[in-house]
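Chains E and P, in that order, are what the protein sequence lines are.
For the first sequence, my numbering gives the first residue as 16, with consecutive numbering after it.
For the second sequence, my numbering gives the first residue as 516, with consecutive numbering after it.
For every residue, glycine included, the Cβ atom is placed at its ideal position computed from N, Cα and C.
Note that the structure is predicted; figures quoted are calculated from it, not measured.
Accompanying notes for the structure given below.
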Amino acid sequence: MAEYILEMKNITKEFPGVKALDNVNLQVRPGEIHALVGENGAGKSTLMNVLSGTYPFGSYTGDIVYNGEVCQFKTLHDSEEKGIVIIHQELALIPELSIGENMFLGNERKGRFGIDWDKTYYEAGEHMKQVGLKEEATTLIKDIGTGKQQLVEIAKALSKNVKLLILDEPTSSLNEEDSRMLLDLLLSFKKDGMTSIIISHKLNEIAYVADKITVLRDGSTIETIDNEGHNIDEARIIRGMVGRELSDRYPSREHNVSDKVGMEVKNWSVHHPIYNEKKVVDNVSFNVHRGEIVGFSGLQGAGRTELAMSIFGRSYGTNISGELRIDGKDKSLRNVRDAIEAGLAYVTEDRKGNGLILEQSIAQNTTMARLEKVCSKGIVDINKENAVAEDYKEKLRTKTPSVQQAVGNLSGGNQQKVLLAKWMFADPEVLILDEPTRGIDVGAKYEIYCIMNDLVAQGKSVIMISSEMPELLGMCDRIYVMNEGRMVAEMPASEATQEKIMSAILQSDKK
Amino acid sequence: MNTKTFIKKYTMVIALVVVFIFFSMWTEGRLLYPQNLSNLLIQNAYVLVLACGMLMCILTGGNIDLSVGSTVCLVGAVAAQMLTKHNMDPLIVICLCLVFACLIGMWQGFWIGYIHIPPFICTLAGMFLFRGFGRAILDSKTIAIPQTEGSVGKRFLDIFASYIEVPGVDTDKVKWSAFILGIIIAAALVVITVLNRIKKAKKGYKQASALSQFAKVIVIDFLVLAYTWKIAHYKGIPVMAIWVLAVVLIYAFITSKTAFGRYFYAVGGNEKATKLSGIDTKKVYFLAYTSMSLLAGLSGLLVAARVGSVNGDTGNSFEMDAIGSCFIGGASAYGGSGTVGGVVVGAILLGVINQGMSIKGLDNNWQYVVKGAVLLIAVIFDVVSNKKTGKAG
C-alpha cells in the first residue's frame, strides 16, 4: 500500500484577480483523521473543492494523487466514484423529502419499474444504523434537527462507499453534545480504516480527533503538525494560523479620535427572522467616536452582519430591542430611509447580491441611495447625475472608460469603489463597512483603506466588519470581538494581537 | 457607433421596418391605404395602452399581470350598464370607471406588494374573478351602447371613437387638421432636440453626436409627417390616437425621467440592494399593479367605444398581446430593463403582422402561429445577446 492515500502536489488555483491557492501541498495517510485549519479565506474550502472536482481539472494547476494514481476529476461525480465524498458546511439536503429519498438522491435504487422503494428504505435504514441515527427512513428532513441532519449527510456518504470523507465545518451549527457525538463517530470510523479530512475553526475539537493538522494561510501551506498524542496546545495552532509579519500594507494616518461619540448602541438584541426564539444578536453594546475606525472581528456567523443590518433601519431580524444614539440623540429607525436620513450608511458585505444593480450604469448606482439629491420635483436631472458620478470616479480613482458603463462589467475592486461612492454620496456621519475588501486584490484594498482614512479625517465615524484580522489590526483604533451573537472582547488596536482575538473567540466557545 | 452596436440597439426597429415592407409588398400596397393605416392605430390602441402598464409590472422582475383582459371586460361591462340602464352622464361614467379600475389594481397590488402573493397566482385568480364578475354584470348578454344622436351612449362614443374635425380647415376630401398636427409635432421634436443640445453645451456636459441625434429626429419626423398625411386622406385624427399618445407619453416620461420610474428598474435589477438603499419596494409593486389595472380600465372604455358593445368575451387574451408586445419590444424577462419606446415598437410590430395577415385574408389560426413564432424569436434573441455581452440573466 502506498504511504499516502492522498497527495495533493503544488496545487495553484486562481480566481479573477485573486490567487486563492498558491502551491499548496497536502499529504494524507490511510486511516488517519487529518485536520485542515486556517483563517477565513485561507483557502481550505477552495482546496477541498479542487479535490472533489467542484472546480474541475484544468481550472487549477498541480497534481492530485489518490491511491497511487493521478486523478483528473471533472465533476463531483468523478471523485465520488473513487470514494471521495465531501460534506459541505451548508447541508445539501432537501427538507421536503424523506431521509431515504435524500440519501439516494441522484443515486436511486432502481427496480425493474422505476425506483425500488423497499430497497431504498431498507438500505437507508442500514446506513442509519451505522451512524447511530434512530429515526424512520421515511421521516422528512425538515422534521429532524440539524444534528441529525448532519448524521444523514454522513450516512449518505456511507451509501456511496466512501473511502475518504471530507467534512467542511461539520460542527459549526451543532451544539456541544451533538458535536461530541459526531466526533466520536469519526473516531469509530477511523478504527474501521476510513480516512477523513476535517475542516474546523474549533481548535479543541481538532485537538481531540485529529492525527495530523495542516495549517493554511493566505492560500499557502504553512506546516503540518503532528498530533498523534492528541494533546497539542491550541496556542501552537493559532500561531501557525496567524503568524505573519505586518508590513506597510496599510496607509498611515493620524489618529485624531474626537471625544464626541458618533454612534452608541446599548443592550441591542435581535432575533432570527424565521426562528423567532433564536437570538442572533444577544445584548450587544458598543460605541464609535467621531474620527474613529472601529473594527468588528469574529468568525463567520458571529452575528456582526446581522447586528449591522438590524441597526440599519431594521433590515434584518425580528424583535429588535435596545437603544441607539447618534450624536447623542436617541433614534428609533423604523426603515432604511430613516437610517439614511439619520446619517447612517451600511456598505453591504455582498456587493453583487445586495449592494449594486449590476446591469445598471455606474451613474445610476451612485445616486441610488439619495436619488432626490439629483432630482428637482421628482424629475431626475441626468446631467447632474452624470456630473456627480464623474466626480466620484475621479475622487475614488475608479477605473472605467465612462460612468455609463454597466457596473457588472467592472472588476471587483472597482465595483467596491462604486458601492462606496454610492454611500459616500448619501453623505452619512457613520459608515458601516461590511467586509469592504473581500475578494479584491491588494492594490485595490490599499485604495479602499485610503478612502476610509479620508472619511475619518473629515470627522466621520467608520465601523469596519472584517474577517481578516491583519486588516483590522492595521486599520482600526479599537477592535470589538463578537462570537455567537455576543460581544466577547473589546481592546485598543495598539494592544490587540491576532492571538488575543483568536483566544477571546475560542475561550467564549468553551463557556 | 459601429454597425454591430447599431443593429443591436435598433434590432426591433429594423425588424419592424422589414416586416412592414414585406407586408406592404405582399398585400400589393393595400397595407398603405389611408384607411388601413388609420385602423392599424385604432385596432391596436388597447394593446399600446395595456403594454405601457404591463411594462411597469415586468420591470419589477419579469412579473406579469394575467388579469388585464378580465379587467377590460369588467370595466367595459360596468360602463355599458351605467350608460344603458342608468343613463348616466358619460363624463361621470368615465371617472367612476377609472376609479373602479384603480381599486381593482389596489386590491391586487396589496396582495402582491404587501402580502407577497406571487403575481402570477394573484393575477390568475383575478383573471377568473373579474371575468366572472363581468359576465355576471352583463347577465351573459351582449350589451350594445346606444348610438342614437344626442343619447349618453353617443356622447360616450364621441369621447373615444370619433375623429377630430376642425370646421373651416378640413374639407370632405382632406382633413388638413391631421397634417397640420403632424407638422406641429415634427417641428416640436426638432426644437426640443436643439434646445436640449444648447442647454447641454452651456453647462459643458457630454453630448451625443449631432449626426446620430438629428438623423434620428429626421427619421421620426418623416414617419410622423407621412403617417399624418395618409390619415388626413381618410377621416383625420382619431380621438383614440390622442388618448393613446397621452398614455404613451406619460409612461415614457415616468420611466425615463423621474426618480419614481427609476425605482421600478432598481427593484427589477436587484431588489435587495434597492431595499437597502432606502426605497420602499413594497410600494413599487403596489403601484405597478395599480397603474396596470387603471390602464386596463381605460382600455375597457376604449374597446367598448370602438366595438360599440360589450359581451362576456370582451378583452379575451388581451393580456397576452400586452405581454407579447413588452417582450418583443426588448423588456427583459427577468426585469430591470425595457423602455416604453421599445414596447411601442413591439406593439406596432404585432399590429402590422395582424393587419397584414387580415388584409391578405389569412386564417385567424395562422395569425396565432406567426405571433407565437415572433415572440419566441424575440426573446431568444434577447437572452442570447445578453449572454454574449456578459450581462446577468
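Assignment of arginine 232 of chain E by DSSP, reduced to helix, strand and coil, places it in the strand class.
Taking 9 Å as the upper bound on Cβ-Cβ separation, chain P lies near residues Met324, Phe327, Gly328 and Ser330 of the segment 324-339 of chain E. Looking at the backbone, the Cα of threonine 526 of chain P and that of alanine 781 of chain P are separated by about 25 Å. Beta-bridge pairing by DSSP links glutamate 338 of chain E to E/Lys281. At a Cβ-Cβ threshold of 8 Å, phenylalanine 311 of chain E and tyrosine 361 of chain E do not count as neighbours.
For asparagine 25 of chain E, the enclosing beta strand (DSSP E) has its first and last residue at 21-30.
Taking the CA atoms as reference points, methionine 569 of chain P sits about 22 Å from isoleucine 609 of chain P. Using beta-carbon distances, alanine 472 of chain E does not count as an interface residue toward chain P, since no partner is under 8 Å. Per DSSP, the continuous alpha helix (DSSP H) segment holding tyrosine 407 of chain E begins and ends at 397-411.
The alpha-carbon separation between proline 605 of chain P and leucine 598 of chain P amounts to approximately 7 Å. Note on the segment 817-903 of chain P: whole alpha helix (DSSP H) runs with a minimum of 4 residues are 833-843, 855-874 and 879-903, in chain order. The Cβ of glycine 856 of chain P sits no closer than 8 Å to any Cβ of chain E. Contiguous beta strand (DSSP E) elements confined to the segment 325-373 of chain E occur at 333-341 and 359-362, taking only those with 3 or more residues.
Contact residues of the segment 530-549 of chain P toward chain E are absent (C-beta to C-beta distance below 8 Å).
Across the structure, serine 188 of chain E and proline 485 of chain E are spaced so that their CA atoms are roughly 26 Å apart.
For arginine 650 of chain P, no chain E residue has a C-beta closer than 9 Å to its own C-beta; the minimum C-beta separation is roughly 39 Å. In this structure, P/Leu704 is the residue among P/Leu704, P/Val709 and P/Ser900 with its C-alpha nearest to the C-alpha of leucine 740 of chain P. Comparing alpha carbon positions, the residue from E/Ile372, E/Gly126, E/Asp183 and E/Gly234 closest to asparagine 25 of chain E is E/Gly234. With respect to tyrosine 19 of chain E, glutamine 42 of chain E sits close: the two C-beta atoms are nearer than 8 Å. Under DSSP, methionine 497 of chain E takes part in a beta bridge, and its partners are E/Met502.
Taking C-beta separations shorter than 6 Å and ignoring five residues to either side along the sequence, the partners of isoleucine 478 of chain E in its chain run Val303, Val309 and Ile447, following chain order. Distance from glycine 58 of chain E to leucine 231 of chain E at the Cβ level is roughly 5 Å; contact confirmed, criterion being Cβ atoms closer than 8 Å. Across the set E/Gly160, E/Pro507, E/Ile397 and E/Ala459, the C-alpha of E/Ile397 shows the shortest separation from the C-alpha of lysine 714 of chain P.
Contact note: phenylalanine 775 of chain P reaches chain E through Gly393, using a C-beta cutoff of 7 Å and chain order.
When secondary structure is reduced to three states using DSSP, phenylalanine 72 of chain E falls in the coil class, being assigned neither helix nor strand. By the criterion of a C-beta distance shorter than 6 Å, tyrosine 766 of chain P is surrounded in its chain by Cys567 and Val855, once the five residues flanking it on both sides are discounted.
If you check each beta-carbon in the segment 859-878 of chain P against every beta-carbon of chain E, none falls closer than 8 Å. In this chain, histidine 216 of chain E is not harboured by any alpha helix (DSSP H), its DSSP state being neither H nor E.
DSSP lists E/Glu279 as the bridge partner or partners of asparagine 302 of chain E. When Cβ-Cβ separations below 8 Å define contact, tyrosine 629 of chain P makes no contact with chain E.
Within the segment 842-854 of chain P, those residues whose Cβ lies closer than 7 Å to any Cβ of chain E are, in chain order, Gly851 and Ser852.
Residue environment analysis places serine 267 of chain E among the exposed positions, since fewer than 16 neighbouring C-beta atoms fall within 10 angstroms of its C-beta. Of the residues P/Cys588, P/Val734, P/Leu696 and P/Tyr678, the one whose Cα lies closest to the Cα of alanine 651 of chain P is P/Cys588. In this structure, glycine 393 of chain E lies near threonine 773 of chain P, with their beta-carbon atoms less than 8 Å apart.
When C-beta atoms of the segment 835-842 of chain P are compared with those of the segment 512-524 of chain E, fewer than three pairs fall below 8 Å, so the two segments do not count as touching.
Pairing isoleucine 101 of chain E with serine 74 of chain E gives a Cβ-Cβ distance that is not under 8 Å.
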